[in-house]
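If you're matching them up, the sequences are chains Z and S in order.
Numbering follows numbering that gives the first Met the number 0, with no gaps: position 87 of the first sequence is 86.
Numbering follows numbering that gives the first Met the number 0, with no gaps: position 14 of the second sequence is 13.
Down below is the structure, laid out as structure tokens.
2 protein chains.
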Amino acid sequence: MSAHTQSLQELIDALSLLPGVGRKSATRMAFYLVRQPVEVAHKISFAISNARDRIVFCEICQNLCEISPCERCAHPVRDEDLLCVVESPQDLVAIEATHEFHGRFHVLHGAISPLDGITPADLKIRELVVRLSSGAFREVILATNPSVEGEATAAYLKRLIAPLGIAVTRIASGLPMGAQLEFADKATLGRSLLDRRPI
Amino acid sequence: MSAHTQSLQELIDALSLLPGVGRKSATRMAFYLVRQPVEVAHKISFAISNARDRIVFCEICQNLCEISPCERCAHPVRDEDLLCVVESPQDLVAIEATHEFHGRFHVLHGAISPLDGITPADLKIRELVVRLSSGAFREVILATNPSVEGEATAAYLKRLIAPLGIAVTRIASGLPMGAQLEFADKATLGRSLLDRRPI
């Protein structure tokens, strides 16, 4: 006799596909779901298939949206000639939340990572180059993560964009606001010294 | 402009309903799902609604099953007169995995917890009493958790079952196998002394 009834086992298997969800979490979620009112299970079920069915890449910025071009690309912005390149839609949301950037965005959907088999061809880089070729942009801000992959992607893009005569900048790295030097990691503190700025 | 497109925001909200899933995890799951092939999203979506639609309580043991009475209740067992009472279907699976129990099960679906508003009426206790009234059982093993709620539930059931003339036992508490006295918590070590057995 198997431990769980078939549809429950299938649900556990399906939930285990989610990122960060192991067998134990999936089992807990499955038991939770089958004990909820039918509407709750159906609501979650519908949200998953509906989102997957409706969401497409914006033909301009490559962000996820329901109607391409996305609301953000269709909207006029203050700095039409400024383009910010990010790894993911979540990064775009984080930058928007600062209210410090008023230009256009471009989402790469990842970073170059040979160890994970992610090459420039897997990212929305071709679309970026086509966009920049229009000559509409004065400056490109590379806002990929300050990680090995993010830095490698920024270096790759710098080499690719420089010949187009567009200024290329990189977001600053250094101590987070409110941090204490004493507890900062060496790499971050070292970078904050190298990138010191006049005040 | 909202941070996420509508169907994506609805998916994040829906996934946040899952136990142990906060807004950050839900966002990560949502972005993962909309980037998967359509079949993956549909598979998970279907598994959720299908399991919820098919699963019912077994009319005998109250465990979750697709056809009532469940496979386990329909199956002959070695100890027909022995009943093990557990809080949850997961606990039943854990006991089955020990291969030390060959009787019948009864699932309460929770434990008495006044602070969480869970009273005896919220558990499958009425069904347990009806089952025991048949006179088919010689002994009831109370295998609720050795927690405040589980102990309270066991004490409550003991008072309820004793008048029926059925032996009531409780699973042993004590040091886990392989544990070291030095690192055991006081409550567990104290219990292992109180419940010492002749060898």
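Where a beta carbon is used, it is the ideal one built from N, C-alpha and C, also for glycine.
On a predicted model such as this, the values are computed, not experimentally measured, just so you know.
query	result
Residues of chain S with CB under 8 Å from glutamine 140 of chain Z, in chain order?	Residue identity differs from the one stated: residue 140 of chain Z is isoleucine in this sequence, not glutamine. Result: empty, since nearest Cβ-Cβ is about 19 Å, beyond 8 Å.
Which residues in chain S sit within 7 Å of glutamine 5 of chain Z, going by Cβ to Cβ distance?	Glu65
With alanine 40 of chain Z and isoleucine 47 of chain S assumed to form a contact (beta carbons below 8 Å), what rounded beta-carbon distance in angstroms separates them?	5 Å
Where are the beta strand (DSSP E) runs, 3 residues long or more, that stay fully inside the stretch 161-191 of chain S, in chain order?	166-169
Quick one: what's phenylalanine 56 of chain Z bridged to in DSSP?	Z/Leu63
Quick check on the DSSP output: the alpha helix (DSSP H) that includes arginine 125 of chain Z runs from which residue to which?	124-132
Three-state secondary structure (DSSP) at cysteine 72 of chain S?	helix
By Cβ distance below 8 Å, which residues in the same chain neighbour arginine 22 of chain S in space, the five residues on each side in sequence not counted?	Ile11, Ser15
Beta-carbon of asparagine 49 of chain S versus every beta-carbon of chain Z: anything under 9 Å?	yes
Got a sec, what are the start and stop residues for the beta strand (DSSP E) phenylalanine 104 of chain S sits in?	103-106
Could you check what DSSP says for serine 15 of chain S in three-state terms: helix, strand or coil?	coil
Please list, in chain order, the residues of the stretch 67-94 of chain Z that have any C-beta partner in chain S closer than 8 Å.	Cys69, Glu70, Arg71, His74, Ser87, Pro88, Gln89, Val92
Which same chain residues end up closer than 8 Å to leucine 131 of chain Z when comparing Cβ atoms and leaving out the 5 residues on each side of it in sequence?	Leu82, Val139, Ile160, Leu163, Ile165
Within the 9 Å Cβ cut-off, does alanine 110 of chain Z reach chain S?	no
Identify whether isoleucine 47 of chain Z lies in helix, strand or coil by the three-state DSSP scheme.	helix
Does isoleucine 94 of chain S come out as helix, strand or coil in the three-state DSSP assignment?	helix
Valine 201 of chain Z to isoleucine 54 of chain S, Cα distance in whole Å?	This structure cannot settle anything about residue 201 of chain Z, because the visible part of chain Z is limited to 0 through 198.
Report the CB separation of threonine 200 of chain Z from leucine 63 of chain S in whole angstroms; it is logged as a contact under 8 Å.	Given that chain Z is displayed from residue 0 to residue 198, the structure contains no residue 200 of chain Z and the question cannot be resolved.
From which residue to which residue does the alpha helix (DSSP H) around leucine 114 of chain Z run?	Where leucine 114 of chain Z is concerned, there is no enclosing alpha helix (DSSP H), given that its DSSP letter is neither H nor E.
Return the first residue and the last residue of the alpha helix (DSSP H) that valine 33 of chain S is part of.	22-34
Run through chain S and tell me which residues come within less than 9 Å of lysine 123 of chain Z, C-beta to C-beta.	Residues of chain S passing the Cβ test: none, with the nearest at roughly 12 Å.
Helix, strand or coil for glutamate 38 of chain S, going by three-state DSSP, please let me know.	helix
Per DSSP, what are the beta-bridge partners of isoleucine 140 of chain Z in this structure?	Z/Cys83, Z/Thr168
Counting only C-beta atoms, is phenylalanine 104 of chain Z closer than 9 Å to chain S at any point?	no
Helix, strand or coil for glutamate 99 of chain Z, going by three-state DSSP, please let me know.	coil
Just to make sure I have the definition right: I need the residues of chain S whose C-beta is within less than 7 Å of the C-beta of phenylalanine 100 of chain Z. Which are they?	Result: empty, since nearest Cβ-Cβ is about 13 Å, beyond 7 Å.
With a threshold of 9 Å between beta-carbons, can glycine 116 of chain S be considered close to chain Z, or not?	no
With 9 Å set as the bound, which would you pick, yes or no: does the beta-carbon of serine 44 of chain Z sit closer than that to a beta-carbon of chain S?	yes
Check each candidate in S/Arg103, S/Ile198, S/Gly116 and name the one with the smallest Cα separation from leucine 127 of chain S.	S/Arg103
On a CA-only basis, which of Z/Ala171, Z/Leu192, Z/Pro145, Z/Ile117 is nearest leucine 180 of chain Z? Give me that one, please.	Z/Leu192
In chain Z, which residues lie with their C-beta within 7 Å of the C-beta of valine 147 of chain S?	Neighbours of valine 147 of chain S on chain Z: none; closest Cβ ~21 Å, over 7 Å.
If I measure Cβ to Cβ from alanine 142 of chain S and keep anything under 7 Å in the same chain, skipping five residues before and after, which residues do I get?	Cys83, Val84, Val85, Asp90, Ile94, Ile170
Which residues of chain S have a Cβ atom closer than 7 Å to the Cβ of isoleucine 59 of chain Z, listed in chain order?	Simply none; closest approach about 15 Å.
Please confirm if glutamate 9 of chain Z has its CB atom under 9 Å from at least one CB of chain S.	yes
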